[in-house]
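Undergrad: Just so you know, the sequences run in chain order A and B.
Under the numbering used here, the first residue of the first sequence carries the number 1, and numbering increases by one thereafter.
Under the numbering used here, the first residue of the second sequence carries the number 1001, and numbering increases by one thereafter.
By construction, the Cβ of each residue, glycine as well, lies at the ideal position given by its N, Cα and C atoms.
Once you've had a glance at the structure underneath, I'll fire off some questions.
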Amino acid sequence: MKDEKIKIYINDKPYIVKSGQTIMQAADSIGFHIPRLCYHPKLSVEGACRVCIVQVQGMNNYVASCAFPIQDGMKIYTNTPELRQARRDIVELLLDNHPEDCHTCERNSNCELQRLAMSMGIKKRHFVGEKKHYNRDLSSPSIVRDPDKCILCGRCVRICSEIQNVHTLTQAYRGFKTVVIPAFDEDLAESVCSTCGQCINVCPTAAFIEKSYTQELFEKLNDNSIVKVVQFAPSVRAAIGEAFGFEPGTQKENELVAALRKLGFDYVFDTQFGADLTIMEEASEFLERLQNKQKLPMITSCSSAWMKYLEQFHSDLIENISTCKSPMSMMGALIKTYFADKIKRDKKEILSVAVMCCTAKKYEAARPELMIDDVRGVDIVVTTREIAWMIKSAGIDFVNIKGEGFDNPLGLSSGGGAIFGVTGGVMEAAIRTAYELYTGETLIEIELEELRGFNNIREGKIMMEGKEIRVAIAHGLGNASKLLEIVRKEPDRYHFIEIMGCPGGCIGGGGQPYAGSSSIPLDENVLKKRAEALYGLDRNKTIRRCHENPNIQKLYKEFLGRPLSSLSHKLLHTHYSAKKPEGILPAEFKVR
Amino acid sequence: MEKELDKREEELIKYMDEKKKLEYPESYLIAILHKAQELYGYLSKEIMLKIAYYMKIPTSHIWGVATFYHYFKLKPIGKYVISICLGTACYVKGAQLILDKLKEELKINIGETTEDMLFTLQEARCLGACGLAPVIMINEKIYGDLTPEKISEIIKEIRKKEKKLQSNVAKN
Chain A
1 MKDEKIKIYI NDKPYIVKSG QTIMQAADSI GFHIPRLCYH PKLSVEGACR VCIVQVQGMN
61 NYVASCAFPI QDGMKIYTNT PELRQARRDI VELLLDNHPE DCHTCERNSN CELQRLAMSM
121 GIKKRHFVGE KKHYNRDLSS PSIVRDPDKC ILCGRCVRIC SEIQNVHTLT QAYRGFKTVV
181 IPAFDEDLAE SVCSTCGQCI NVCPTAAFIE KSYTQELFEK LNDNSIVKVV QFAPSVRAAI
241 GEAFGFEPGT QKENELVAAL RKLGFDYVFD TQFGADLTIM EEASEFLERL QNKQKLPMIT
301 SCSSAWMKYL EQFHSDLIEN ISTCKSPMSM MGALIKTYFA DKIKRDKKEI LSVAVMCCTA
361 KKYEAARPEL MIDDVRGVDI VVTTREIAWM IKSAGIDFVN IKGEGFDNPL GLSSGGGAIF
421 GVTGGVMEAA IRTAYELYTG ETLIEIELEE LRGFNNIREG KIMMEGKEIR VAIAHGLGNA
481 SKLLEIVRKE PDRYHFIEIM GCPGGCIGGG GQPYAGSSSI PLDENVLKKR AEALYGLDRN
541 KTIRRCHENP NIQKLYKEFL GRPLSSLSHK LLHTHYSAKK PEGILPAEFK VR
Chain B
1001 MEKELDKREE ELIKYMDEKK KLEYPESYLI AILHKAQELY GYLSKEIMLK IAYYMKIPTS
1061 HIWGVATFYH YFKLKPIGKY VISICLGTAC YVKGAQLILD KLKEELKINI GETTEDMLFT
1121 LQEARCLGAC GLAPVIMINE KIYGDLTPEK ISEIIKEIRK KEKKLQSNVA KN
């Protein structure tokens, strides 16, 4: 039935399309882009906004094309004058209950509602009525909820429940008083929110944005009494170009280093160095667990949204979690100790900044467990979007800037560190190193194709001296829940598991540039291109295994001693614990 | 009092257990919330949390449902729930004066509860007793042909009864 071809008419022209589709899907397949708002191909169909209405011959009312199935011989009209008028009225009514502050809004020029109003030909506001007003929720260290900007499309509610399986948000109350809010009207900080920021990615307006630290950072950058140090994550270089009009997948590593220096940073380091170090510690921890028959499977801990999710939803598996801090926090710890010693400055005189593709890293950086003595390892976290704005705001010509290299010793990294940003990358890098640590031989075939790609849950095997090591990978918290269910049922099925909180891994993080007019949030094609940028960086490196990084070797020789040494444990490892409020996973959950 | 609480919880759990045996147990959420409100008078956060953990339904989902329907009470209600009919017939016959008097006597607005947790005031559209207009309903009992003076008497009567009850409790 599904592959049957049927004939439909769009605006009186006949087309042959596959049956079993909605009007919108069929129209998309033949090049008619019906305007839409609440629809997202990865989420369930809500049919709430009515922007995608079309006329169907024989039907009295307009139908929502996102939800209406096609039939053989159906005559569909997408652009009649009456329909255009009705659609425009719908968007105008949305605008009526929306602030008139586009020129000062975070999403100005990158807002779906704005684009929609433009394409509808709305030139002024005709309807004037009561506007809702709520206080902004500023409680979370990562995410700001601003209901005044919300148009109730429900995408955030759906991604939080259907993809992430966190269920922080609901549409509470009804009619004019409907509001997107956590349970019991509580603040985000008191809720089960994992701070992953996917709600920001799918929000068509600025109802969800990251908590911005740019003003504070601009002030500190002008303080000459402190040493300003910055690191940035692998995925930032794979995506920041998009914020400056470059094609997705254009990596801008050296350009970003140069721009950060121009912004006023004294030292620009690479989180990928932290990633290499994480692999040293994590691979060693894994082998120790394997040899001493300790708790397995070991599960990675570098995704901060995943860690918060684990502590609230899956605290029974805390023992399985690697004690390694994330690459960002390892870097933070080294900057405030090893590097501070090198430049003979007190750690309190160092400002440690991290540019991340992630909103959850803002939460992570503030975790008390990660303090180095009495200071934070990372003082300020800004997202890819924030740093792109800062670069523009400071008048730095990013498009034409001449690339520069990282500072050392914390700027040199291997290819294994680069692929950390894409789902499966941590596992791939870990295997490259664990194999050699375990067998004493170098792994030749290092591009592990079975671990790559965007399938929800992926499994793989590797033989180490006759011992079969079984691994699994999940990306997105919903997929993570599914994988953990398998682990609970079959505790011996895997030895090592990688989990990333966001779909696609860090490249799809909650802090990445907004989708443009030609792409949609979470667009798999964009994610693939960003991933390819990181795989390209890996391929172009002469050092591709983390343990071969000479600066890592030097760090152990000069400072840490060896992986899992007592100093390593003090600076690079931490512990997780069950946290309130305890999250509830629905009895039935299907990953979409 | 504590014993009574246990009994209520027992009944709620029994009710949820029944629903759990059926297909799609989570689809009985509204019925469970009804049961909880019947037992406790309103839906407290604690009760909703209990239902959430027991039925494995995320709290945000429960909150969405509980706030959507006007029937569900999210705040504790008084022992006497006074519904004043503001439907057409009652309104024409002077329901506004009755409402003003109630507000004055109880010192609360519609949707509120007195501090002593005795009275809750709510509006109703039609109680189906238009022949007796203007009417109010106190818990399950209808009072008709009302005047502001009669309201004072009714309230006074209830307060007197409650005072007596309390002093009896104190004596025992």
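Please report the residue range of the alpha helix (DSSP H) in which threonine 278/A lies.
TA: Here the question's residue 278/A lines up with position 278 in the first sequence. Taken as a continuous stretch (DSSP letters only), the alpha helix (DSSP H) holding threonine 278/A covers 271 to 291.
Undergrad: Going by beta-carbon coordinates alone, are isoleucine 299/A and isoleucine 499/A separated by less than 8 Å?
TA: Here the question's residue 299/A lines up with position 299 in the first sequence. Here the question's residue 499/A lines up with position 499 in the first sequence. The answer is yes: Cβ separation under 8 Å.
Undergrad: Go through its chain and collect everything with a Cβ distance to serine 481/A's Cβ below 8 Å, but skip five positions before and after it.
TA: By 1-based counting over the first sequence, the position of residue 481/A is 481. Closer than 8 Å at the Cβ level, and outside the excluded window around serine 481/A, lie Asn165, Phe313, His314, Leu585, Phe589.
Undergrad: Count the other C-beta atoms from every protein chain shown that fall within 10 angstroms of the C-beta of threonine 168/A, then say buried if there are 16 or more, exposed otherwise.
TA: On the first sequence, position 168 is the one that residue 168/A refers to. Buried, because 16 or more other Cβ atoms sit within 10 Å of the Cβ of threonine 168/A.
Undergrad: So which of Pro409/A, Ala434/A, Arg530/A, Asp492/A has the shortest CA-CA distance to phenylalanine 454/A?
TA: If you number the first sequence from 1, residue 454/A lands on position 454. That would be Arg530/A, whose Cα lies nearest to the Cα of phenylalanine 454/A.
Undergrad: Please report the straight-line C-alpha distance between isoleucine 401/A and arginine 261/A, rounded to a whole angstrom.
TA: On the first sequence, residue 401/A is found 401 positions in, with the first residue counted as 1. On the first sequence, residue 261/A is found 261 positions in, with the first residue counted as 1. Cα to Cα, isoleucine 401/A sits roughly 11 Å from arginine 261/A.
Undergrad: According to the neighbour-count rule (16 or more other Cβ atoms, all chains shown, within 10 Å of its Cβ), is asparagine 201/A buried or exposed?
TA: Here residue 201/A refers to the residue found at position 201 of the first sequence. Asparagine 201/A should be labelled buried.
Undergrad: Could you check which residue in Gly1111/B, Glu1115/B, Gly1128/B, Leu1127/B has the C-alpha nearest to that of leucine 998/B?
TA: Nothing about residue 998/B can be read from this structure; chain B reaches only from 1001 to 1172.
Undergrad: Please report whether the beta-carbon of threonine 1067/B lies at a distance below 8 Å from any beta-carbon of chain A.
TA: As a working mapping, residue 1067/B is identified with position 67 in the second sequence. By this cut-off, threonine 1067/B is an interface position.
Undergrad: Hey, out of Pro147/A, Thr383/A, Met356/A, Ser301/A, whose CA is closest to histidine 575/A's CA?
TA: Mapped onto the first sequence, residue 575/A falls at position 575. The option with the nearest alpha carbon to histidine 575/A is Ser301/A.
Undergrad: Check each residue of the region 1040 to 1063 of chain B: if its Cβ is closer than 9 Å to any Cβ of chain C, include it; give the result in chain order.
TA: Looking for chain C here will not work: the only protein chains present are A and B.
Undergrad: What residue range is occupied by the uninterrupted beta strand (DSSP E) comprising lysine 5/A?
TA: By 1-based counting over the first sequence, the position of residue 5/A is 5. Looking at the DSSP string, the run of the beta strand (DSSP E) that includes lysine 5/A is 5 to 10.
Undergrad: Near alanine 283/A, what residues of its chain come up, given a Cβ to Cβ distance below 7 Å and the 5 sequence neighbours on each side ignored?
TA: Residue 283/A sits at position 283 when you count from the first residue of the first sequence. Ala430, Thr433, Ala434, Leu437.
Undergrad: Which residues, taken in chain order from the region 1012 to 1044 of chain B, show a beta carbon closer than 8 Å to some beta carbon of chain A?
TA: Cβ contacts with chain A come from Pro1025, Glu1026.
Undergrad: List the residues of chain B that alanine 172/A touches, going by C-beta distances under 8 Å, in chain order.
TA: Taking the first residue of the first sequence as position 1, residue 172/A is located at position 172. Going along chain B in sequence order, the residues near alanine 172/A (Cβ under 8 Å) are Trp1063, Gly1064, Thr1067, Phe1068.
Undergrad: Assign lysine 18/A to one of three DSSP states: helix, strand, or coil.
TA: Taking the first sequence and counting its residues from 1, one reaches residue 18/A at position 18. Correct three-state label for lysine 18/A: strand.
Undergrad: So, do the region 467 to 487 of chain A and the region 396 to 412 of chain A have three or more beta carbon pairs nearer to each other than 8 Å?
TA: The answer is no - the region 396 to 412 of chain A does not touch the region 467 to 487 of chain A, with fewer than three Cβ pairs under 8 Å.
Undergrad: Here's the rule I'm using: 16 or more other beta-carbon atoms within 10 Å means buried, otherwise exposed. How should lysine 336/A be labelled?
TA: Within the first sequence, the letter at position 336 stands for residue 336/A. It is buried - the Cβ of lysine 336/A has at least 16 other Cβ atoms within 10 Å.
Undergrad: Taking only the alpha-carbon atoms, compute the straight-line gap between glycine 511/A and leucine 1086/B and give it to the nearest angstrom.
TA: For the purposes of this step, residue 511/A is taken as the residue at position 511 of the first sequence. For the purposes of this step, residue 1086/B is taken as the residue at position 86 of the second sequence. Answer to the nearest angstrom: the Cα atoms are 52 Å apart.
Undergrad: Relative to chain B, which residues along the region 398 to 415 of chain A have a C-beta separation below 7 Å, given in chain order?
TA: Within the region 398 to 415 of chain A, no residue has a Cβ that lies closer than 7 Å to any Cβ of chain B.
Undergrad: Less than 8 Å between CB atoms is the rule here; does histidine 167/A satisfy it with respect to chain B?
TA: If you number the first sequence from 1, residue 167/A lands on position 167. Chain B, which has a Cβ nearer than 8 Å to the Cβ of histidine 167/A, makes this yes.
Undergrad: For proline 1025/B, count the other beta carbons within 10 Å of its own beta carbon; 16 or more makes it buried, fewer makes it exposed. Which is it?
TA: Here residue 1025/B corresponds to residue number 25 of the second sequence, with the count starting at 1. Buried, by the Cβ-count rule.
Undergrad: Report yes or no: is there a C-beta of chain B within less than 8 Å of the C-beta of isoleucine 163/A?
TA: Position 163 of the first sequence, counted from the first residue, corresponds to residue 163/A. It does not: the Cβ of isoleucine 163/A has no partner Cβ on chain B nearer than 8 Å.
Undergrad: Are the beta-carbon atoms of leucine 537/A and glycine 416/A separated by less than 8 Å?
TA: Counted from its first residue, the first sequence places residue 537/A at position 537. Counted from its first residue, the first sequence places residue 416/A at position 416. No; because the gap between Cβ atoms is not below 8 Å, this pair is not in contact.
Undergrad: Near glutamate 46/A, what residues of its chain come up, given a Cβ to Cβ distance below 6 Å and the 5 sequence neighbours on each side ignored?
TA: Within the first sequence, residue 46/A is the residue found at index 46, counting from 1. Taken in chain order, the residues that qualify are Cys38, Gly154.
Undergrad: Do three or more CB pairs link the region 250 to 266 of chain A to the region 274 to 282 of chain A at distances below 8 Å?
TA: Output reads no: the region 274 to 282 of chain A does not touch the region 250 to 266 of chain A.
Undergrad: Please check the pair isoleucine 53/A and leucine 83/A, which I expect to be a contact at CB under 8 Å, by giving their CB distance rounded to whole angstroms.
TA: Taking the first sequence and counting its residues from 1, the one referred to as residue 53/A is at position 53. Taking the first sequence and counting its residues from 1, the one referred to as residue 83/A is at position 83. Indeed, because the Cβ distance is near 7 Å, the residues count as touching under 8 Å.
Undergrad: For histidine 547/A, count the other beta carbons within 10 Å of its own beta carbon; 16 or more makes it buried, fewer makes it exposed. Which is it?
TA: By 1-based counting over the first sequence, the position of residue 547/A is 547. Label assigned to histidine 547/A: buried.
Undergrad: Would DSSP call lysine 1021/B helix, strand or coil?
TA: Here residue 1021/B is taken as the residue at index 21 of the second sequence, counted from 1. Residue state, collapsed to three classes: coil.
Undergrad: In chain order, what residues of the same chain lie with their CB nearer than 6 Å to the CB of methionine 390/A, ignoring the 5 residues before and after it?
TA: As a position in the first sequence, residue 390/A is number 390, starting the count at 1. So the list reads Thr214, once near-sequence residues are dropped.
Undergrad: Determine, using beta carbons only, whether valine 257/A and glycine 403/A come nearer to each other than 8 Å.
TA: For the purposes of this step, residue 257/A is identified with residue 257 of the first sequence, where counting begins at 1. For the purposes of this step, residue 403/A is identified with residue 403 of the first sequence, where counting begins at 1. Result yes, Cβ atoms of valine 257/A and glycine 403/A sit closer than 8 Å.
Undergrad: Near lysine 647/A, what residues of its chain come up, given a Cβ to Cβ distance below 8 Å and the 5 sequence neighbours on each side ignored?
TA: No answer is possible for residue 647/A: the residues shown for chain A start at 1 and end at 592.
Undergrad: Can you tell which of Asp379/A, Arg488/A, His98/A, Ala418/A has the C-alpha that lies nearest to the C-alpha of threonine 542/A?
TA: Here the question's residue 542/A lines up with position 542 in the first sequence. Nearest C-alpha to threonine 542/A: Ala418/A.
Undergrad: Go through the region 218 to 254 of chain A residue by residue and report every complete run of the beta strand (DSSP E) that reaches 3 residues or more, in order.
TA: Taking only runs of at least 3 residues, the beta strand (DSSP E) segments lying wholly in the region 218 to 254 of chain A are 227 to 232.
Undergrad: Would you call the region 324 to 336 of chain A in contact with the region 351 to 367 of chain A, where contact means no fewer than 3 C-beta pairs closer than 8 Å?
TA: As far as the Cβ criterion goes, the region 324 to 336 of chain A touches the region 351 to 367 of chain A, which means the pair count is three or higher.
Undergrad: So, at 6 Å on beta carbons, what are the nonlocal neighbours of serine 303/A in its own chain, with the 5 sequence-adjacent residues on each side left out?
TA: Mapped onto the first sequence, residue 303/A falls at position 303. Cβ neighbours of serine 303/A beyond the five flanking positions: Met500, Gly501.
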